[in-house]
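Protein chains in written order, with my numbering: chain W, 5 to 341; chain L, -9 to 349.
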């Protein structure tokens, strides 16, 4: 490879990121296997649409993971928010102010949930995994109370119809909402003092506190953002489905965390990026979509998805200095030399 | 003297119940007679014979209409619309008697958890259990335990391999057959379809698929199934899958069969967003409110409706009947089954499903 090609920023980005490389390899493979169908505009929009909800959730949950924590309540927040919005509209009507109130209450529930989690996790030494695992069940309990375990149908709400059904340039609105959330998370994490504090506290909370970083406040805000994004995803989901149910978004937190891990965000905190976490979501979305287009029987789908995810994570670890895979890679390249 | 009279009355009751049972069994073998305009009468309930071989008797000390009675409803997932409708039906029926209480227990789709719940209910001395089994084999031992403890287990939609008091079921195999005929006739016997399946291995999904395919292969050999993939009963997954189908097959798709209404609704939305509403026939199964509204709006074509609330009420009535008799349901060698009539609904008769029937 000539130096000019090697120095091309796009080529550098591809070679420097195992995720982009795996994505490209998969894209080429699926394009060939589906005789070009995979690489059509329509299908790329389908992939964007299929990852939009998970993408919105990642934009919040990523903050918690970067802090060395975890937020499994993204799904519970989504379900609660969707249920509150749907119930409020059902009871109050579809008028503009009622819809605004419904959205305020729905998103407010997510913010409140994040605030409570943030307060507990920033002040008490409770493992975030255990706390959010338990509180997610509590949130789903609230959802059952709100919905009385029935499907809540939303009819005639212009805003929700708009979000669920309208397309701009052939792209569904939830995709734009996801892109806006990615932009928000990217700016916060990369271009604000708060973003640097997130990485600092995630890397080493004690030394950050010693150097004057308000760790408690940083954690609190992170979980509020996570709660808000979860609630926003729930509102979008209810708009897409034109209904809310007590089981809505159940287990989505597993996909969110899988995407974040595949995206190379360290579960110990302090390293990783929102771009890579979103790439992780795309990787999973592409595998799912490609296999659907190929007509792969469902029994092989999960297996293939798992193997490809392991390969992506292994390739990522092989590039991280100090990891056993990286050591193995160095030993092998030395031998080859 | 009073004792003798009580024994005589009990015996009379048992004999009349047995007679009713066989009479019902005989009636149930007739084709379903639906009074809705376009109700499909092709389905029948051939398997609906309530065999009670080896019938035994037990002395029940409680009067279910007067003494304090505690019942449990254990659906596969309490948050599902069907489960709620069944639960509401059971509750509504039982609420006529103020001496009864109904508690709901949610195993959240976990068969082992469901088995543990049943064992706990036996230990707590519940008087009757309404159950929607997640896995017929896993639940068999627990159901046997309950029956042997004198607690009748009335299952809804899916029973266990071990015999129990009764099963009140939706039609699934027959519903699949009905849908295949509707699609086959609408396509004039020729065309291409895609299927959106239930979670892999889900009993209802398997039966719907078997019924659908049996008719398709025998009566409509020129209809080709382009693809068949699961979307786990889930609306947004179905929408994504339908988007993929539309990308892959484009205008080739003439019809869609989804194993439930939620997935049919997802498919309907994908088709609508692709600007193909009305061009593709979409059928679901269950008959939930949103699906009926989508039929009215022309987003989906039809569904096989079951009155789930009535199904729950039927289960409650059967439970009360057993508890008010001396029949020992643990001696049954075959589970008595009753099936709810399937009502085929499309735009022509959707208005016959009145608001009070919707769930």
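Note that beta-carbon positions come from the ideal geometry of N, C-alpha and C, so glycine has one too. Here the structure is a predicted model, which means the values were calculated and not measured.
Bounding residues of the alpha helix (DSSP H) (the contiguous stretch that carries residue i)
i	result
residue 257 of chain W	256 to 266
residue 328 of chain W	328 to 340
residue 162 of chain W	162 to 169
residue 156 of chain L	From DSSP, residue 156 of chain L is part of no alpha helix (DSSP H) but of the beta strand (DSSP E) over 156 to 159.
residue 45 of chain W	45 to 70
Residue i - containing beta strand (DSSP E), residue span
i	result
residue 145 of chain L	143 to 146
residue 247 of chain L	245 to 248
residue 118 of chain L	118 to 121
residue 220 of chain L	213 to 220
residue 273 of chain L	271 to 276
residue 333 of chain L	333 to 336
Interface residues of chain W facing residue i [CB-CB closer than 7 angstroms]
i	result
residue 231 of chain L	296
residue 97 of chain L	Simply none; closest approach about 13 angstroms.
Residue i Cβ short of 8 angstroms to the ligand HEM heavy atom set
i	result
residue 253 of chain L	Ligands in the displayed structure: none, and consequently the ligand HEM is not present.
Neighbour-count burial assignment, residue i, 16 or more Cβ in a 10 Å radius
i	result
residue 86 of chain L	exposed
residue 280 of chain W	buried
residue 231 of chain W	buried
residue 129 of chain W	exposed
residue 344 of chain L	exposed
residue 317 of chain W	buried
residue 170 of chain W	exposed
residue 43 of chain W	exposed
residue 238 of chain L	buried
residue 292 of chain L	buried
residue 332 of chain L	buried
residue 211 of chain L	exposed
residue 57 of chain L	exposed
residue 126 of chain W	buried
residue 248 of chain W	buried
Contact list for residue i against chain W, beta-carbon separation under 8 angstroms
i	result
residue 190 of chain L	302, 303
residue 68 of chain L	148, 153, 250
residue 263 of chain L	169, 171, 176
residue 241 of chain L	Neighbours of residue 241 of chain L on chain W: none; closest Cβ ~13 angstroms, over 8 angstroms.
residue 182 of chain L	Under the 8 angstroms cutoff, chain W gives no residues; its nearest Cβ is about 14 angstroms from residue 182 of chain L.
Simplified DSSP state of residue i, which is helix, strand or coil
i	result
residue 298 of chain W	helix
residue 246 of chain W	coil
residue 156 of chain W	strand
residue 47 of chain L	strand
residue 91 of chain L	strand
residue 207 of chain W	helix
residue 60 of chain L	strand
residue 126 of chain L	helix
residue 98 of chain L	coil
residue 325 of chain W	coil
residue 345 of chain L	helix
residue 173 of chain W	coil
residue -3 of chain L	The predicted model places residue -3 of chain L with a pLDDT of 48, which falls under 50 and marks its position as unreliable; any figure quoted below should be read in that light. In this structure, residue -3 of chain L counts as helix in the three-state DSSP scheme.
residue 150 of chain L	coil
residue 303 of chain L	helix
residue 180 of chain L	coil
residue 11 of chain L	Residue placement at residue 11 of chain L is flagged as unreliable, the pLDDT there being 37, under the threshold of 50; the coordinate-derived value follows with that caveat. Reduced to three states, the DSSP call for residue 11 of chain L is helix.
residue 323 of chain L	coil
Contact set between residue i and chain L, taken where Cβ atoms lie within less than 8 angstroms
i	result
residue 279 of chain W	Near residue 279 of chain W there are no residues of chain L at all, since even the closest Cβ is about 23 angstroms away, more than 8 angstroms.
residue 241 of chain W	226
residue 79 of chain W	Result: empty, since nearest Cβ-Cβ is about 13 angstroms, beyond 8 angstroms.
Beta-carbon spacing of residue i, residue j below 9 angstroms
i	j	result
residue 137 of chain L	residue 165 of chain L	no
residue 106 of chain W	residue 290 of chain W	no
residue 56 of chain W	residue 80 of chain W	no
residue 224 of chain W	residue 70 of chain W	no
residue 157 of chain L	residue 64 of chain L	no
residue 234 of chain W	residue 85 of chain W	yes
residue 88 of chain W	residue 110 of chain W	yes
residue 362 of chain W	residue 285 of chain W	Here chain W comprises residues numbered 5 to 341, so residue 362 of chain W is not present and cannot be evaluated.
residue 221 of chain L	residue 248 of chain L	yes
residue 170 of chain L	residue 204 of chain L	yes
residue 186 of chain L	residue 231 of chain L	yes
residue 128 of chain L	residue 101 of chain L	yes
residue 281 of chain L	residue 271 of chain L	no
Proximal chain L residues relative to residue i, where beta-carbon distance stays under 7 angstroms
i	result
residue 224 of chain W	The contacting residues do not exist; residue 224 of chain W stays about 31 angstroms from chain L at best.
residue 47 of chain W	237
residue 299 of chain W	217
residue 245 of chain W	225, 226
Chain L residues whose Cβ lies nearer than 9 angstroms to that of residue i
i	result
residue 258 of chain W	Going along chain L, no residue has its Cβ under 9 angstroms from residue 258 of chain W, so there is no contact; the nearest lies around 13 angstroms.
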